[in-house]
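A quick write-up on the structure given underneath.
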Amino acid sequence: MELRENERIDDLQCKGYCIIQNTKRFCFGMDAVLLSGFAAVRPAGTVLDLGTGTGIIPILMEAKTEGRHFTGLEIQEEMAEMARRSVALNGLAEKITIVTGDIREASKQFGGASFDVVTCNPPYIETNHGLKNPNDAMAIARHEVLCRLEDVIRAAAFVLKPGGHFYMVHRPRRLVEIICLMEQYRIQPKRIRMVHPYMGEEANMVLLEGTRNGGRQMIVEKPLIVYREPGMYTDEVMEIYYGSEWKRRGKTGG
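If you want it as structure tokens, here you go:
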């Protein structure tokens with residue numbers, strides 16, 4: 001696989017898959033990995049990842065689930081093209097499709113009620129908070145430049161089949177806004193899990209699951225603790241990253 005300027009190939013240490021990343025653009029983080037472990041898809045289910053970036057979530061979910069097909073939607077053509085090369089690198093062209101397009105136009109691009117599962121690791125920061133260059137790839141990934149939180153949830157509601165599941169990772173400080181928007185677009189929150197850097201510290205991420213036209217009961221799961229000590233992941237996070245075989249292979253945290 002030919003690499004371009006500032007690109008590298010990273011080993012995902014999951015099913016032998018790798019991913020191409022550009023060090024000058026946005027690289028995936030822990031939030032995407034945790035979301036891929038939190039989301040579920042039934043055998044033969046179809047998944048749409050909104051704002052897929054490098055394609056990390058479709059690639060990891062293909063490795064971890066029995067879903068039939070995964071689609072990644074990405075507005076930045078350079079990122080979408082790089083994600084396509086990662087899909088080809090892993091021989092997944094028949095299982096994963098990367099589409100260039102706007103989240104706000106997802107219902108027109110794919111049609112209504114067309115996916116069993118929708119995932120999203122959206123920009124977390126409102127546009128009026130520290131935005132310097134609205135055309136920069138990093139800014140687009142981190143700030144609500146090209147789509148707002150409401151755009152994401154509206155798009156998910158339109159493309160989900162009745163009873164379909166929506167999975168998202170975000171910041172806890174926006175949890176009230178998220179739940180209100182989900183209910184506004186008839187995605188009922190069903191499962192929430194807070195992610196804490198260390199035991200005893202405040203949560204810095206939240207994982208959410210909602211169901212299109214679902215009931216009103218919700219489960220709040222036990223907290224997910226990332227580090228047991230500096231540089232050392234907890235066993236649960238290690239399993240999310242590397243699967244149940246990490247102990248057998250002699251892996252350690254960090």
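According to this note's numbering, the sequence shown holds residues 1 to 254 in order. We treat Cβ as the ideally placed atom computed from N, Cα and C, and that holds for glycine. Note that the coordinates shown come from a computational prediction; the quantities given were computed from them, not determined experimentally.
Just to confirm, is the Cβ distance from residue i to residue j under 8 angstroms?
i: Thr-46; j: Gly-72; result: no
i: Arg-212; j: Ala-157; result: yes
i: Val-152; j: Pro-122; result: yes
i: Cys-120; j: Leu-12; result: no
i: Gly-210; j: Met-182; result: yes
Rounded to the nearest angstrom, how far is the Cβ of residue i from that of residue j, given a contact under 8 angstroms?
i: Val-220; j: Val-195; result: Not a contact, Cβ separation roughly 13 angstroms.
i: Val-169; j: Leu-35; result: 4 angstroms
i: Glu-77; j: Thr-100; result: 5 angstroms
i: Ala-113; j: Leu-160; result: 7 angstroms
Alpha carbons only, please: which of the options is nearest the one belonging to residue i?
i: Glu-94; options: Pro-58, Val-152, Glu-74 and Val-176; result: Pro-58
i: Ala-44; options: Met-232, Leu-92, Phe-115 and Arg-104; result: Phe-115
i: Phe-166; options: Arg-174, Glu-126, Gly-214 and Met-205; result: Gly-214
i: Gly-231; options: Pro-197, Gln-217 and Leu-208; result: Pro-197
i: Cys-14; options: Leu-175, Arg-216, Asn-6 and Met-61; result: Met-61
i: Leu-175; options: Met-205, Ile-240 and Pro-162; result: Met-205
i: Gly-243; options: Phe-70, Ala-63, Ser-107 and Lys-222; result: Ala-63
i: Glu-201; options: Arg-191, Cys-180 and Pro-223; result: Pro-223
Please list, in chain order, all residues of the same chain as residue i whose beta carbon is under 7 angstroms from its beta carbon, the five residues on each side excluded.
i: Ile-56; result: Ile-19, Phe-28 and Ala-32
i: Arg-216; result: Gln-188
i: Asp-10; result: Cys-18, Ile-19 and Gln-21
Leaving out five residues on either side along the sequence, give the residues of the same chain with a beta carbon under 6 angstroms from the beta carbon of residue i.
i: Val-237; result: Val-226
i: Val-41; result: Val-47, Thr-65, Gly-67 and Val-117
i: Leu-207; result: Phe-38, Val-169 and Arg-193
i: Thr-234; result: Ile-225 and Arg-228
i: Asn-6; result: Asn-22, Thr-23 and Lys-24
In chain order, what residues of the same chain lie with their CB nearer than 8 angstroms to the CB of residue i, ignoring the 5 residues before and after it?
i: Thr-54; result: Ile-19, Ile-20, Gln-21, Phe-26, Cys-27, Phe-28, Met-79, Met-82, Ala-83 and Ser-86
Should the stretch 187-199 be called in touch with the stretch 80-94, which here means at least 3 C-beta pairs below 8 angstroms? no
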